[in-house]
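Just below is one structure, and these are the notes that go with it.
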Amino acid sequence: MSSLYSSASSETPRYHPYNTRATTKSESSPTVPFALPPPNRLRIAKFQFEKAKYQLLSQPSNGPVTLAQGISLEVYSKYRSSHEDSPIHIRLVNGNVEAYEIPRRPHTSVTGLIMISVGLWDAARDLDVGADLDMVVGADSMLMSDGYILPRRRPDPPQGQGMDSLGGPYPTVVIQVATTQSINDAHAKVAKWFSPRTTIQLLLVIKIWEPRLDNTLAMVALLYRRQNPNPLVPISAISFGTASITGQALQSLQDIMGGPNFVNGVGYGGAPCDAPGIPMYQMNLPAADIYNGDPQGIPAGNVLGFNLDLWDILVRAREGYRLP
Numbered sequence: 283m284s285s286l287y288s289s290a291s292s293e294t295p296r297y298h299p300y301n302t303r304a305t306t307k308s309e310s311s312p313t314v315p316f317a318l319p320p321p322n323r324l325r326i327a328k329f330q331f332e333k334a335k336y337q338l339l340s341q342p343s344n345g346p347v348t349l350a351q352g353i354s355l356e357v358y359s360k361y362r363s364s365h366e367d368s369p370i371h372i373r374l375v376n377g378n379v380e381a382y383e384i385p386r387r388p389h390t391s392v393t394g395l396i397m398i399s400v401g402l403w404d405a406a407r408d409l410d411v412g413a414d415l416d417m418v419v420g421a422d423s424m425l426m427s428d429g430y431i432l433p434r435r436r437p438d439p440p441q442g443q444g445m446d447s448l449g450g451p452y453p454t455v456v457i458q459v460a461t462t463q464s465i466n467d468a469h470a471k472v473a474k475w476f477s478p479r480t481t482i483q484l485l486l487v488i489k490i491w492e493p494r495l496d497n498t499l500a501m502v503a504l505l506y507r508r509q510n511p512n513p514l515v516p517i518s519a520i521s522f523g524t525a526s527i528t529g530q531a532l533q534s535l536q537d538i539m540g541g542p543n544f545v546n547g548v549g550y551g552g553a554p555c556d557a558p559g560i561p562m563y564q565m566n567l568p569a570a571d572i573y574n575g576d577p578q579g580i581p582a583g584n585v586l587g588f589n590l591d592l593w594d595i596l597v598r599a600r601e602g603y604r605l606p
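With this note's numbering applied, the sequence shown corresponds to residues 283 to 606, in that order.
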């Protein structure tokens, strides 16, 4: 009869957390690669916002600052629902949470003026006009508009294709005002705004560079249209600041437009933008795009579209920067 000890010695030793015995080749198991599951909660510390703010102000041409990676649309949406007052504008792009714009007075004042101007033009009150709206633009992307225009009677999209968790329709017009956001970064998001999921028709980008030592400002307005043969190229680009666009900014603008001959205004043969009502400095948003999807069509008084006087934008930007 075999002893208890002899029978136990022939068995495979049981696992013990402190067993450090070397494993023989025959006992080894293959390494199984695995990926960590995506986080089920998004946390952004105050110091991350402070660091991002410093980077955006000191090196705006470097683009957005990544705050988190591998974040799902569901997780980001939950975070935004309880953190709508983030000190810096953030967004979700391909699973990355990015900080890209600091809402200082030049940014907020210009955005507010555009929205008020549209509201005054909309005498029939057919349009919903607002600001700071998060929109799903892809499976793992959510962008925030600085301003938007939405026909109030625009039909709801198919189930599961809404602008957000409430399932409402997308606006027809999105407005972006970029101060710390670089012009390259604003341009790079056009494809997201016009993705197959959305029904956005127009994207208006106002880029304001930081004041120069002589208190002048370089500014440009870019209007993108979904129905353009190439929607990633603006249908209109107007330089309207008190200074010409120069250096790296100039090269970026020419790359976007495909050459200098497609830009109008200051620095491109245009007269100074120094008074209201100058025809060259009126940015027209076509009525057909603004009222896209409205079953009642375009009101008789608005068939010519909305004209944004860029002189007003220039004045507000200068006031925002407290320039003399």
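Quick reminder that beta carbons are idealized off the backbone N, C-alpha and C, glycines included.
Rounding to the nearest angstrom, what Cα-Cα distance links Pro251 and Tyr358 in this structure? The displayed coordinates of the chain run from 283 to 606. Any statement about residue 251 would go beyond what the structure contains.
Mind pulling the beta strand (DSSP E) runs of 3 or more residues that sit fully within the segment 340-415? 347-350, 371-375 and 378-383
What residue range is occupied by the uninterrupted alpha helix (DSSP H) comprising Val607? Residue 607 lies beyond the range of the chain shown here (283 to 606); nothing can be said about it.
Distance between Gly352 and Ser311 (C-alpha atoms, nearest Å): For the purposes of this step, residue 311 is taken as the residue at position 29 of the sequence shown. For the purposes of this step, residue 352 is taken as the residue at position 70 of the sequence shown. Interpretation of Ser311 is limited by its pLDDT of 39, a score under 50 that renders its predicted location unreliable; the figure taken from the coordinates is listed afterwards. For Ser311 and Gly352, the distance between alpha carbons rounds to 30 Å.
Given Ala317, which residues of its chain have a CB within under 6 Å of its CB, disregarding the five upstream and five downstream residues? Residue numbering aside, residue 317 sits at position 35 when the sequence shown is read from its first letter. No answer about Ala317 holds up, because its pLDDT of 49 lies below 50 and its placement is not dependable.
Just tell me which of Asp446, Val502, Ile488 and Glu492 has its CA closest to the CA of Arg479. Reading the sequence shown from its first residue, position 197 is the one you call residue 479. The shortest Cα separation from Arg479 among Asp446, Val502, Ile488 and Glu492 belongs to Asp446.
With three or more beta-carbon pairs closer than 8 Å as the criterion, would you say the segment 453-469 touches the segment 483-493? yes
Do you know offhand how far Leu349's Cα is from Asn376's? Stepping through the sequence shown from its first residue, residue 349 is reached at position 67. Stepping through the sequence shown from its first residue, residue 376 is reached at position 94. Straight-line Cα distance between these residues: approximately 13 Å.
Do you know how far the Cα of Arg604 is from the Cα of His389? Position 107 of the sequence shown, counted from the start, is the residue given in the question as residue 389. Position 322 of the sequence shown, counted from the start, is the residue given in the question as residue 604. For His389 and Arg604, the distance between alpha carbons rounds to 13 Å.
Residue environment, Val448, which counts as buried when at least 16 other CB atoms sit within 10 Å: Residue mapping note: residue 448 aligns to position 166 of the sequence shown, counting from 1. Reading the sequence as shown, one finds Leu at residue 448 and not Val. Counting Cβ neighbours within 10 Å, Leu448 comes out exposed, since fewer than 16 surround it.
Specify, as a first and last residue, the run of the beta strand (DSSP E) that Gln458 falls within. In the sequence shown, counting from the first residue as 1, residue 458 sits at position 176. Run containing Gln458: Val455 to Ala460, per the beta strand (DSSP E) assignment.
Contact check, Gly552 vs Ile527, beta carbons under 8 Å: Within the sequence shown, numbered from 1, the residue matching residue 552 stands at position 270. Within the sequence shown, numbered from 1, the residue matching residue 527 stands at position 245. Not a contact, by the Cβ cut-off of 8 Å.
Under 8 Å between the Cβ atoms of Asp467 and Tyr382? Here residue 467 refers to the residue found at position 185 of the sequence shown. Here residue 382 refers to the residue found at position 100 of the sequence shown. Cβ atoms of Asp467 and Tyr382: closer than 8 Å.
According to the neighbour-count rule (16 or more other Cβ atoms, all chains shown, within 10 Å of its Cβ), is Ser340 buried or exposed? As a first step, residue 340 is located in the sequence shown; it is residue number 58 there, counting from the start. So Ser340 ends up on the exposed side.
For Pro346 and Trp593, what's the separation of their Cα atoms in angstroms? The residue you call residue 346 lines up with position 64 of the sequence shown. The residue you call residue 593 lines up with position 311 of the sequence shown. One C-alpha to the other measures close to 29 Å.
So which of Ser343, Leu504 and Arg386 has the shortest CA-CA distance to Gln530? Stepping through the sequence shown from its first residue, residue 530 is reached at position 248. Of the listed residues, the one whose Cα sits closest to Gln530 is Ser343.
Where Met501 sits in the DSSP three-state scheme: Sequence index remark: in the sequence shown, residue 501 carries index 219 (1-based). It is a strand residue.
Less than 8 Å between the C-beta atoms of Asp414 and Met426, yes or no? Along the sequence shown, one-based indexing puts residue 414 at 132. Along the sequence shown, one-based indexing puts residue 426 at 144. Yes. Within cutoff.
Once DSSP output is grouped into helix, strand and coil, what is the label at Leu605? Residue numbering aside, residue 605 sits at position 323 when the sequence shown is read from its first letter. In the structure shown, Leu605 sits in coil (DSSP, three-state: anything other than H, G, I, E or B).
Taking the alpha carbon of Gly420 as the reference point, which residue from Val411, His469 and Thr481 has its own alpha carbon closest? Within the sequence shown, residue 420 is the residue found at index 138, counting from 1. Closest by alpha carbon: Thr481.
May I have the straight-line CA-CA distance separating Pro511 from Ser364, to the nearest angstrom? Stepping through the sequence shown from its first residue, residue 511 is reached at position 229. Stepping through the sequence shown from its first residue, residue 364 is reached at position 82. C-alpha separation (whole angstroms): 40 Å.
So Met539 is in the alpha helix (DSSP H); what residue range does that whole segment cover? The count along the sequence shown starts at 1 and reaches residue 539 at position 257. Where Met539 is concerned, the enclosing alpha helix (DSSP H) stretches over Gly529 to Met539.
Cβ separation of Ile520 and Val502, assumed to be a contact under 8 Å, to the nearest whole Å: By one-based count along the sequence shown, residue 520 stands at place 238. By one-based count along the sequence shown, residue 502 stands at place 220. So it is a contact: roughly 7 Å between Cβ atoms.
Do Met565 and Leu590 have their C-beta atoms closer together than 8 Å? Here residue 565 refers to the residue found at position 283 of the sequence shown. Here residue 590 refers to the residue found at position 308 of the sequence shown. A contact, by the Cβ cut-off of 8 Å.
Kindly indicate which three-state DSSP category Gly429 falls into: helix, strand or coil? For the purposes of this step, residue 429 is taken as residue 147 along the sequence shown, with counting starting at 1. Residue state, collapsed to three classes: strand.
I'd like the span of the alpha helix (DSSP H) that includes Ala569, first residue to last. Within the sequence shown, numbered from 1, the residue matching residue 569 stands at position 287. From DSSP, the alpha helix (DSSP H) with Ala569 extends over Ala569 to Ile572.
Pair every Cβ in the segment 567-578 with every Cβ in the segment 430-441, then say whether three or more of these pairs are closer than 8 Å. yes
Whole angstroms are fine: how far does the CA of Ser354 sit from the CA of Tyr287? As a working note, residue 287 is residue 5 in the sequence shown. As a working note, residue 354 is residue 72 in the sequence shown. Unreliable placement is indicated for Tyr287, whose pLDDT of 32 sits below 50; the coordinate value is still reported in the next sentence. Cα to Cα, Tyr287 sits roughly 55 Å from Ser354.
Continuous beta strand (DSSP E) stretch holding Ala519: start and end: Translated into positions along the sequence shown, residue 519 becomes position 237. Taken as a continuous stretch (DSSP letters only), the beta strand (DSSP E) holding Ala519 covers Ser518 to Ser521.
Comparing C-alpha positions only, which one of Phe522, Asp422, Tyr506 and Phe544 sits nearest to Pro568? As a position in the sequence shown, residue 568 is number 286, starting the count at 1. Of Phe522, Asp422, Tyr506 and Phe544, the residue nearest in Cα terms is Tyr506.
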